[in-house]
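For the record, the sequence lines run as chains A and B.
At position 86 of the first sequence (counting the first as 1) the number is 86 in this note's numbering, and the numbers step up by one without a gap.
Numbers in this note's numbering are just positions in the second sequence, counted from 1, shifted up by 1000.
Backbone N, C-alpha and C fix where the C-beta goes; we use that ideal spot for every residue, glycine too.
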Amino acid sequence: MAGYNLKELMSKPERLSPGHRMCAGCGATIGIRAVLRALHEGDMAVIGNATGCLEVSSFMYPYTAWEDSYIHNAFENAGATLSGVETAYRALQKRGRLPESAKFKFITFGGDGGTYDIGFQSLSGAMERGHDMVYVCYDNGAYMNTGIQRSSATPQFADTTTTPVGKVSNGKVQTRKDLSAIIAEHHVPYVAQTTFTKDFRDIHTKSEKAIYTEGAAFLNMLAPCPRGWRYETSEIMKICQLAIDTCYWPMFEVDHGNWRLTYEPKKKLPIEDFLREQGRFAHLFKPGNEELIAAFQEEVDRRWEDLLYRCNR
Amino acid sequence: MSRKDRMSGNEAVAYAIRQVNPDVMPAFPITPSTEIPQMVSTYIANGEMDTEFIPVESEHSSMSATVGAEAAGARSMTATSSCGLAFMWEELLVAASNRLPLVLALVNRTLSGPININCDHSDSMGARDTGWIQIYAENNQEAYDNFIQAFPIAEDPRVHLPVMVCQDGFITSHAVENILLEEDADVREFVGEYHPEEFLLNPGKPVAVGPYAVSDYSMEAKFNQEQAMIRSKEVILEIAEKFRSRFNRGFGLFEEYRTEDADYILLIMGSAAGTSKQAADELREAGIKAGVLKLRVFRPFPAEEIANALKGCKAVAIMDRCESYNGHGGPLASEVMAALYTSKVYIPAISYIYGLAGRDFTVETAKDIYKELSDVADKGKQIKQHTYVGLRTREER
Chain A
1 MAGYNLKELM
11 SKPERLSPGH
21 RMCAGCGATI
31 GIRAVLRALH
41 EGDMAVIGNA
51 TGCLEVSSFM
61 YPYTAWEDSY
71 IHNAFENAGA
81 TLSGVETAYR
91 ALQKRGRLPE
101 SAKFKFITFG
111 GDGGTYDIGF
121 QSLSGAMERG
131 HDMVYVCYDN
141 GAYMNTGIQR
151 SSATPQFADT
161 TTTPVGKVSN
171 GKVQTRKDLS
181 AIIAEHHVPY
191 VAQTTFTKDF
201 RDIHTKSEKA
211 IYTEGAAFLN
221 MLAPCPRGWR
231 YETSEIMKIC
241 QLAIDTCYWP
251 MFEVDHGNWR
261 LTYEPKKKLP
271 IEDFLREQGR
281 FAHLFKPGNE
291 ELIAAFQEEV
301 DRRWEDLLYR
311 CNR
Chain B
1001 MSRKDRMSGN
1011 EAVAYAIRQV
1021 NPDVMPAFPI
1031 TPSTEIPQMV
1041 STYIANGEMD
1051 TEFIPVESEH
1061 SSMSATVGAE
1071 AAGARSMTAT
1081 SSCGLAFMWE
1091 ELLVAASNRL
1101 PLVLALVNRT
1111 LSGPININCD
1121 HSDSMGARDT
1131 GWIQIYAENN
1141 QEAYDNFIQA
1151 FPIAEDPRVH
1161 LPVMVCQDGF
1171 ITSHAVENIL
1181 LEEDADVREF
1191 VGEYHPEEFL
1201 LNPGKPVAVG
1211 PYAVSDYSME
1221 AKFNQEQAMI
1231 RSKEVILEIA
1241 EKFRSRFNRG
1251 FGLFEEYRTE
1261 DADYILLIMG
1271 SAAGTSKQAA
1281 DELREAGIKA
1291 GVLKLRVFRP
1301 FPAEEIANAL
1311 KGCKAVAIMD
1321 RCESYNGHGG
1331 PLASEVMAAL
1341 YTSKVYIPAI
1351 SYIYGLAGRD
1361 FTVETAKDIY
1371 KELSDVADKG
1381 KQIKQHTYVG
1391 LRTREER
């Protein structure tokens, strides 16, 4: 993007104000502020939110951290709820009940539990109907709010409280659901996968595109959780960089059906580099578990090749 | 000017929806309410109304989207039946606790299992403690009239609660009967415009909806919700009076049919009230003082008013088109008996279960019940509480 200036962007007024109760170093909060910075000044927004860490920590009666209008409904229906809000906007506009100048954007946030799992149907419905909204998943790969239970976004072999590593268990058995691709197959105008890079340009560009592309858009944002992944809070940027350099979390967008890689590592790093930093994978590095890491690598490679194919590479 | 026509209950409600022309209506098909969104879609397709219709992918989403639209500042409603209402259950609570004045056209149908598409009240009775106002109709006319009154009740600042307008599946929803329809302009004037105080799309005045609240605050929220339900009674009566003076028909909390000097009263809701009235008429001809109390408003529950209406009779049959699976009576019976007790009206009261899953309720059955009431009241006959009527006999099985 021409004229991208992080310093300038960081001086914009915050739309998620400080004082909320999210954990120090929480990836979701960093990501959400980055998404909201892509809203143009003067544009109003209604923010939706599935039940989860973000909701219980940012809107505790009688306080709210949200500068924009905000609605939390339940765990599984952020897509449907914002469908209603966005439709109300069109109805009120049509009937002249809103001033011409009132321009609203609609963004909803959900964790991976509320998005990949329990909210999947509601999300799919909202995307298929083509509401002019952005659904942002902050994917931290487990039900963190209730205490680190596995979701369909949890990577294989992760140690979670419902897939605990034990004498006869190596953590989660299944590999993760590829939700970004599933939503792309809804043929909505814009889908992207992103995370935090040093200059935050990727997440900013994709957020702006998602918000300002007419129709339904889906943004899947890898948002590390220091409690669930068990890494030092200060290491978050390193973790994100390793996620994309190992191709565990490829950076791509699907813009009106056009699949495009937005980042390709100069040198694709082995998956161990990503796994080693996190306590939830510690058991993989015990002697005798080499084949588990090999299996993980094989799955990452297979999906990466598949993505390259989709991107016509 | 009222206009005479013939339509089914579903047609009548769809006609009222067209007249009200709400801002947003999400809906999902389910028998027997499916016709309502179908007819609304047709009205929209023909340019006869311009409500934004959202063809959602489930009932859970229809209520979720209705909640979102209403919170955003749009007059919103949906329609459903049976399992659809059960699937919405969590959202019913969210709608009421967020004090959203939306409206649900419910076409009563039994719940699974066995899966069955016919009428009883297990769906709405299952939702009786979700914080919704519930109004029941005996026929298509009342379904139409109640729907028109629903928005003014829900949106009154003293209330701010959602309203469920109930009619009996198939019996009312699909049977074509005579009806008086009102002019569009009269209906629109009666319903009025919607101007919410706080809403998501209020430019420059953002609002946050649906908080997490700790124990220090939650209990007061629930208390206030109950206060609104209590206040809604006077509003329901005011709106009913306004409707009556405008259109010359309708009832308040309930209809008292030949109860003034009645010895035996059948207390009932919905379409079977018509059958009961026929039985009462026939018995009156034979000199038996039979009457019917047809409950229109189940939530808020008019406990004192019911007790007062029953205090002069010798015995009452409380008719539940729903099982409560509590081992001692239907939900309506439980509440009526508690109301009688707290008002110190100590008359014989018997809980009857009838018409489950569309089982016919006949004039003969109603007459048998009156006979049983007289045996109890006049001859001291002991009869079983929580009695089923209309069951197959052992031989018939």
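Item to check | Option nearest residue 1350(B) by Cα separation, candidates 1169(B), 1033(B), 1333(B) | outcome: In the second sequence, counting from the first residue as 1, residue 1350(B) sits at position 350. Measuring from the Cα of residue 1350(B), the nearest candidate turns out to be 1333(B).
Checklist entry - Just to confirm, are residue 1302(B) and residue 1310(B) a CB contact at a threshold of 9 Å? => result Counting from 1 along the second sequence, the entry for residue 1302(B) is found at position 302. Counting from 1 along the second sequence, the entry for residue 1310(B) is found at position 310. In this structure, residue 1302(B) sits away from residue 1310(B), with a CB-CB distance that is not shorter than 9 Å.
Next on the checklist: Run through chain B and tell me which residues come within less than 9 Å of residue 99(A), C-beta to C-beta.
Outcome noted: Your numbering for residue 99(A) matches position 99 in the first sequence. What residue 99(A) touches in chain B: 1203.
Item to check | Reference residue 1165(B); option with closest CA among 1067(B), 1107(B), 1308(B), 1183(B) | outcome: Taking the first residue of the second sequence as 1, we reach residue 1165(B) at position 165. That would be 1107(B), whose Cα lies nearest to the Cα of residue 1165(B).
Next on the checklist: Tell me which residues share the same chain as residue 89(A) and place their Cβ nearer than 6 Å to its Cβ, disregarding the 5 neighbours each side in the sequence.
Outcome noted: Within the first sequence, residue 89(A) is the residue found at index 89, counting from 1. Excluding sequence neighbours, residue 89(A) sits near 104.
Next on the checklist: So that I know if they touch, is there some Cβ in chain B lying closer than 9 Å to that of residue 259(A)?
Outcome noted: Mapped onto the first sequence, residue 259(A) falls at position 259. Taking Cβ atoms only, chain B never reaches closer than 9 Å to residue 259(A), which makes this a no.
Checklist entry - Of all Cβ atoms in chain B, is any one closer than 9 Å to the Cβ of residue 68(A)? => result Here residue 68(A) refers to the residue found at position 68 of the first sequence. Under the 9 Å criterion on CB atoms, residue 68(A) is classed as interfacial with respect to chain B.
Checklist entry - Which of the three DSSP states, helix, strand or coil, is assigned to residue 1001(B)? => result In the second sequence, the residue the question calls residue 1001(B) occupies position 1. Three-state DSSP puts residue 1001(B) in coil, outside helix and strand.
Checklist entry - Is the Cβ of residue 115(A) closer than 9 Å to any Cβ of chain B? => result As a working note, residue 115(A) is residue 115 in the first sequence. Not an interface residue.
Checklist entry - Pairing CB atoms from the stretch 1112-1130 of chain B with CB atoms from the stretch 1051-1068 of chain B, are three or more of them under 8 Å? => result No: fewer than three Cβ pairs fall under 8 Å.
Checklist entry - Can you name the residues of chain B whose CB is closer than 7 Å to the CB of residue 121(A)? => result Your numbering for residue 121(A) matches position 121 in the first sequence. The contacting residues are 1057, 1058.
Checklist entry - What does a CB cutoff of less than 8 Å around residue 1335(B) pick up in its chain, not counting 5 residues either side in sequence? => result Here residue 1335(B) refers to the residue found at position 335 when the second sequence is read from its first residue. Here the set comprises 1301, 1303.
Checklist entry - Relative to chain A, which residues along the stretch 1272-1292 of chain B have a C-beta separation below 8 Å, given in chain order? => result Those would be none; no residue qualifies.
Checklist entry - Does any C-beta atom of chain A lie closer than 9 Å to the C-beta of residue 1044(B)? => result For the purposes of this step, residue 1044(B) is taken as the residue at position 44 of the second sequence. Contact with chain A is absent for residue 1044(B), since none of that chain's Cβ atoms lies less than 9 Å from the residue's Cβ.
Item to check | Every unbroken alpha helix (DSSP H) within the stretch 81-122 of chain A, with a cutoff of 4 residues, ordered by chain | outcome: List check, alpha helix (DSSP H) in window: nothing returned.
Item to check | Anticipated Cβ contact below 8 Å, residue 85(A) with residue 1072(B), distance rounded | outcome: By 1-based counting over the first sequence, the position of residue 85(A) is 85. By 1-based counting over the second sequence, the position of residue 1072(B) is 72. Confirmed, Cβ separation roughly 4 Å.
Checklist entry - Under the three-state reduction of DSSP, which class applies to residue 358(A): helix, strand or coil? => result Any answer about residue 358(A) is impossible in this case: the structure gives chain A only from 1 up to 313.
Checklist entry - Do three or more CB pairs link the stretch 141-158 of chain A to the stretch 113-120 of chain A at distances below 8 Å? => result Because the criterion of three Cβ pairs below 8 Å is met, the stretch 141-158 of chain A and the stretch 113-120 of chain A touch.
Checklist entry - What in chain B is Cβ-close to residue 72(A), meaning under 9 Å? => result Here residue 72(A) is taken as the residue at index 72 of the first sequence, counted from 1. Against chain B, the beta carbon of residue 72(A) has neighbours under 9 Å at 1208, 1209, 1210, 1211, 1212, listed in chain order.
Item to check | Local Cβ density within 10 Å of residue 1219(B), reported as buried at 16 or more and exposed below that | outcome: If you number the second sequence from 1, residue 1219(B) lands on position 219. So residue 1219(B) counts as exposed.
Next on the checklist: Rounded to the nearest angstrom, what separates residue 33(A) and residue 1176(B) at their Cα positions?
Outcome noted: Residue numbering aside, residue 33(A) sits at position 33 when the first sequence is read from its first letter. Residue numbering aside, residue 1176(B) sits at position 176 when the second sequence is read from its first letter. Distance from the CA atom of residue 33(A) to the CA atom of residue 1176(B), rounded to whole angstroms, is 58 Å.
Item to check | Cβ neighbour criterion (16 or more within 10 Å) applied to residue 109(A) | outcome: Indexing the first sequence from 1 puts residue 109(A) at position 109. Its Cβ being crowded by 16 or more others within 10 Å, residue 109(A) is buried.
Checklist entry - What residues of chain A sit near residue 1054(B), judged by a beta carbon separation below 8 Å? => result Here the question's residue 1054(B) lines up with position 54 in the second sequence. Simply 83, 84, 87, 129.
Checklist entry - Whose C-alpha, out of 1330(B), 1324(B), 1327(B), 1070(B), is nearest the C-alpha of residue 1195(B)? => result Translated into the one-based positions of the second sequence, residue 1195(B) becomes position 195. The option with the nearest alpha carbon to residue 1195(B) is 1070(B).
Checklist entry - residue 1094(B) versus chain A: which residues are under 7 Å apart at the beta carbon? => result Within the second sequence, residue 1094(B) is the residue found at index 94, counting from 1. Those are 73, 74, listed as they occur along chain A.
Item to check | Runs of alpha helix (DSSP H) lying entirely within the stretch 1097-1172 of chain B, each at least 4 residues, in chain order | outcome: As far as the stretch 1097-1172 of chain B is concerned, its whole alpha helix (DSSP H) runs of at least 4 residues are 1122-1126, 1140-1155.
Next on the checklist: Would residue 272(A) pass as an interface residue toward chain B - the criterion being a Cβ-Cβ separation below 9 Å?
Outcome noted: As a first step, residue 272(A) must be located in the first sequence, where it is residue number 272. No, no contact with chain B.
Checklist entry - Span of the alpha helix (DSSP H) holding residue 205(A)? => result Locating residue 205(A) in the first sequence gives position 205, counting from the first residue. Unbroken alpha helix (DSSP H) run through residue 205(A): 201-212.
Checklist entry - Residues of chain B with a CB under 8 Å from the CB of residue 160(A): which are they? => result As a first step, residue 160(A) is located in the first sequence; it is residue number 160 there, counting from the start. Those do not exist, as residue 160(A) stays about 24 Å from chain B at its closest Cβ, beyond 8 Å.
Checklist entry - Taking the runs of the beta strand (DSSP E) that are 3 residues or longer, which of them lie wholly in the stretch 1049-1073 of chain B? => result List check, beta strand (DSSP E) in window: 1052-1055.
Checklist entry - Can you pull the DSSP bridge partners for residue 304(A)? => result Against the first sequence, residue 304(A) aligns to sequence position 304. BP columns for residue 304(A) are empty, so no partner.
Checklist entry - Of the choices 209(A), 146(A), 185(A), 240(A), whose alpha-carbon is the least far from that of residue 273(A)? => result As a working mapping, residue 273(A) is identified with position 273 in the first sequence. When each option's Cα is compared against that of residue 273(A), the closest is 240(A).
Checklist entry - Of the choices 1285(B), 1234(B), 1203(B), 1122(B), whose alpha-carbon is the least far from that of residue 1167(B)? => result As a working note, residue 1167(B) is residue 167 in the second sequence. Nearest C-alpha to residue 1167(B): 1122(B).
Checklist entry - Quick one, are the C-beta atoms of residue 1356(B) and residue 1323(B) less than 9 Å apart? => result By 1-based counting over the second sequence, the position of residue 1356(B) is 356. By 1-based counting over the second sequence, the position of residue 1323(B) is 323. Taking 9 Å as the Cβ cut-off, residue 1356(B) and residue 1323(B) qualify as a contacting pair.
Checklist entry - In this structure, does DSSP put residue 223(A) in helix, strand or coil? => result Position 223 of the first sequence, counting from 1, holds the residue named residue 223(A). The DSSP-derived three-state label of residue 223(A) is coil.
Item to check | Nearest candidate by alpha-carbon position, reference residue 176(A), set 307(A), 296(A), 79(A), 47(A) | outcome: Counting from 1 along the first sequence, the entry for residue 176(A) is found at position 176. Looking at the Cα atoms, 296(A) is the closest of the given residues.
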